[in-house]
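So that you can map any letter, position 74 of the sequence shown is 83 in the working numbering, and since no number is skipped, the others follow by simple counting. Okay, structure first, notes after.
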Amino acid sequence: MDTTRHVRQSRVTTLDPDRVTRYLARIGVGPVTAPTLDALARLAHAHVTTIPFENLDIHLENPISLVPEEVVDKLTLDNRGGFCYELNGAFAALLVSLGYEVDLLEARVFNDSRLGPRFDHVTICVYLDEAEWLVDVGFGTLIPAPIRIDELGSAGPFYLAPTESDWIDLVNNGNPQYRFDRTPHPLVHFAPTCIFHQTSVDSHFTKKTICTLPNERGKVTISGRDLIVTVDGVKDRREISDDDELRALYQSEFGMTV
10 MDTTRHVRQS
20 RVTTLDPDRV
30 TRYLARIGVG
40 PVTAPTLDAL
50 ARLAHAHVTT
60 IPFENLDIHL
70 ENPISLVPEE
80 VVDKLTLDNR
90 GGFCYELNGA
100 FAALLVSLGY
110 EVDLLEARVF
120 NDSRLGPRFD
130 HVTICVYLDE
140 AEWLVDVGFG
150 TLIPAPIRID
160 ELGSAGPFYL
170 APTESDWIDL
180 VNNGNPQYRF
190 DRTPHPLVHF
200 APTCIFHQTS
210 VDSHFTKKTI
220 CTLPNERGKV
230 TISGRDLIVT
240 VDGVKDRREI
250 SDDDELRALY
260 QSEFGMTV
């Protein structure tokens with residue numbers, strides 16, 4: 010597969026050595042000596058199971074930064090998480106800093122059968138071993154391993170499916186999650202939709218807070234005033250009693266002080 014066209018258009022920035030060190034420490038991964046597929050899988054898995062997907066800054070009225078260095082500081086110095094533009098933007102910068110060839114791709118998330126707006130989600134394409142791999146640490150879901158983009162089919166719970174256009178669907182257990190295009194984009198192209206998700210009453214991110222952290226058997230989520238613990242597909246939901254308990258749960262479940 011000829012990936013030269015994509016690699017030449019990559020505009021993902023690199024991080025300084027101090028931020029790389031802090032980032033790896035945050036996700037509990039030691040130094041990466043070579044940009045291999047195994048290392049990529051370990052990095053992505055550690056990221057998703059360590060750094061929560063959360064939108065609290067939207068409800069705290071703190072503007073979301075698309076500058077990778079500022080996001081890395083938020084993740085490592087403030088011990089916070091973020092949503093897709095932050096998490097995948099920062100992780101892409103980490104990967105480039107570790108020697109990977111990376112581009113950012115546009116995706117549109119399914120809401121039931123309807124697709125979200127253009128640049129609704131950002132995901133990552135990694136060029137490695139003469140192939141293109143889909144990697145996503147900003148969807149709030151544990152995707153077990155990088156998915157080879159040119160291998161379409163239903164092998165595994167997560168797989169890629171063709172569409173009538175050039176776009177490709179990411180599917181989980183038969184349910185389409187999002188539709189992405191293989192055209193590379195700089196992170197700045199996502200800025201208008203990022204602002205939409207911070208400010209519009211039509212965005213689900215402005216309707217309630219969400220903070221979720223996947224694990225091997227499910228996930229722990231705080232959605233609004235509800236604590237939801239999912240284990241092996243079974244959800245246990247209960248209402249959080251007051252603000253003190255809410256803050257305590259953010260600390261105990263996610264290591265966050267808000």
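Note that beta-carbon positions come from the ideal geometry of N, C-alpha and C, so glycine has one too. Predicted, not measured: the structure shown is a model, and the values here were computed from it.
Contact set for residue i: own chain, Cβ-Cβ below 8 Å, skip 5 residues either direction
i       : result
Val-197 : Leu-75
Lys-83  : Ser-74, Arg-89, Gly-91 and Glu-95
Gly-165 : Pro-153
Asn-97  : Leu-113, Val-131, Thr-132, Ile-133, Asp-145, Val-146 and Gly-147
Ser-212 : Phe-205 and His-206
Pro-40  : Leu-33
Coil, strand or helix - residue i by DSSP
i       : result
Asp-11  : Only weak support exists for where Asp-11 lies, its pLDDT of 39 falling under 50; the value from the coordinates is given anyway. Asp-11 falls in the coil class under three-state DSSP.
Phe-214 : helix
Ser-106 : helix
Glu-95  : helix
Thr-266 : coil
Pro-26  : helix
Leu-75  : coil
Ala-116 : strand
Phe-62  : strand
Leu-179 : strand
Ala-43  : coil
Leu-86  : coil
8 Å Cβ cutoff, residue i in contact with chain D
i      : result
Pro-61 : The chain inventory of the structure shown lacks chain D, comprising one protein chain alone.
Per DSSP, the bridge partner or partners of residue i
i       : result
Arg-20  : Paired residue(s): none; Arg-20 is not in a bridge.
Tyr-136 : Glu-110 and Glu-141
Glu-70  : Paired residue(s): none; Glu-70 is not in a bridge.
Arg-247 : Leu-236
Arg-123 : Asn-120
Contact set for residue i: own chain, Cβ-Cβ below 7 Å, skip 5 residues either direction
i       : result
Cys-203 : Ile-73, Leu-75 and Tyr-94
Asp-129 : Ala-116, Arg-117, Val-118 and Thr-202
Residues near residue i in its chain [Cβ-Cβ closer than 6 Å; skip 5 each side]
i       : result
Gly-108 : Pro-44
Arg-247 : Leu-236
Thr-23  : Val-105 and Ser-106
Thr-239 : Gly-227 and Lys-228
ask   = Would you say the region 163-181 touches the region 200-218, given that touching needs at least three Cβ pairs under 8 Å?
value = no
query = Do the region 184-194 and the region 111-120 touch if we need at least three Cβ pairs shorter than 8 Å?
reply = yes
message = If contact is defined by three or more beta carbon pairs under 8 Å, each pair taking one atom from either stretch, is the region 56-67 in contact with the region 145-153?
response = yes
inquiry  = Between the region 132-144 and the region 106-115, can you find at least three pairs of beta-carbon atoms closer than 8 Å?
reply    = yes
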